[in-house]
Amino acid sequence: MTTSTGVKDIQGARFWDGIAEKYAAAPIRDPRSYEIWLARVAEHIGPDAHVLELGCGTGSTALKLSPLVKTYLATDFAANMIEIANSKLTQDSPENLRFLQADPFDPRIAPPRNGPEDGYDAILGFNFLHLVEDMEAVARQAFDMLKPGGLFITKTVCLKRSRWLFGPLIAALRAFGKAPKLHFISETDVEKMLDTAGFTLLETQTFGKKVRGHFVVARKPKTPL
Numbered sequence: 001m002t003t004s005t006g007v008k009d010i011q012g013a014r015f016w017d018g019i020a021e022k023y024a025a026a027p028i029r030d031p032r033s034y035e036i037w038l039a040r041v042a043e044h045i046g047p048d049a050h051v052l053e054l055g056c057g058t059g060s061t062a063l064k065l066s067p068l069v070k071t072y073l074a075t076d077f078a079a080n081m082i083e084i085a086n087s088k089l090t091q092d093s094p095e096n097l098r099f100l101q102a103d104p105f106d107p108r109i110a111p112p113r114n115g116p117e118d119g120y121d122a123i124l125g126f127n128f129l130h131l132v133e134d135m136e137a138v139a140r141q142a143f144d145m146l147k148p149g150g151l152f153i154t155k156t157v158c159l160k161r162s163r164w165l166f167g168p169l170i171a172a173l174r175a176f177g178k179a180p181k182l183h184f185i186s187e188t189d190v191e192k193m194l195d196t197a198g199f200t201l202l203e204t205q206t207f208g209k210k211v212r213g214h215f216v217v218a219r220k221p222k223t224p225l
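End of the sequence shown = 225 in my numbering, gap-free, step of one.
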């Protein structure tokens, strides 16, 4: 991963590359919640939408959502994740879907700009923001890449309330390269971060109990702030 300062997170990339096959083989932890928030995402995108997904992993969600939109660029900084995602493509896969190894600041994913109204219609990031080096910078980058009125749709793992339980465990696992670096944040932290970046919150919902996933639909204002 390349952070907003241009420094590559080699350790993070190695971790995700190392677990890519295991990640791809693992079942969805909460299938019912997954289908609920996936349907919510589908309600906010349409056949003319140009969509960017950040942190797409092995591409399962991209394969489900891409038939609903005009173009879908799914990105992840881990090469092995993208390799597995590409291996899922078949002759029946949507032609509008492309997988690319890239982080949020890679110039290759910047939308073509012919004027102030240009940009992505929606940027998606699921179970992603709490894992990046600089969450605030990623939120600002998403804001900049969206067209006016565009949506930033995220679901973020919020472990702040359970830090006493998960903190020591994750620290121990990280010492052996068995867990990624992450931020212990709350639902309020996520919402404040998006508000500070300039977004207007349209919809929020939290899924799960011990491991809480906070779903947010945030809009870039149609007129400059």
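Glycine included, C-beta positions come from ideal geometry on N, C-alpha and C.
Backbone secondary structure at residue i - three-state DSSP
i	result
R219	strand
I153	strand
K70	coil
T3	Confidence at T3 is low in this model, with a pLDDT of 38, below 50, so the placement of that residue is unreliable and no value is reported for it.
F207	strand
V132	coil
P148	strand
G57	coil
D17	helix
R212	strand
Whole-angstrom distance between residue j and residue i, CA atom to CA atom
i	j	result
G18	T223	44 Å
L235	V190	The question about residue 235 has no answer here: the residues shown for the chain are numbered 1 through 225.
E117	K147	6 Å
A197	G125	15 Å
M145	G208	30 Å
I36	D30	10 Å
A79	C158	26 Å
L100	E43	25 Å
T90	A74	16 Å
R113	G150	14 Å
V41	A137	23 Å
Y34	V132	22 Å
R32	Y23	19 Å
I28	R108	30 Å
Test item: CB-CB of residue i and residue j under 8 Å
i	j	result
S66	N86	no
A122	V51	yes
L194	F128	no
F77	A110	no
K70	A49	yes
K220	F143	yes
H130	I185	yes
I84	T58	yes
H214	M135	no
Boundaries (first-last residue) of the alpha helix (DSSP H) holding residue i
i	result
D195	187-197
E83	79-87
L63	60-65
Residue interval of the beta strand (DSSP E) (run including residue i)
i	result
D121	120-126
R98	97-101
Uninterrupted beta strand (DSSP E) stretches inside the region 24-54 (no shorter than 3 residues): 50-54
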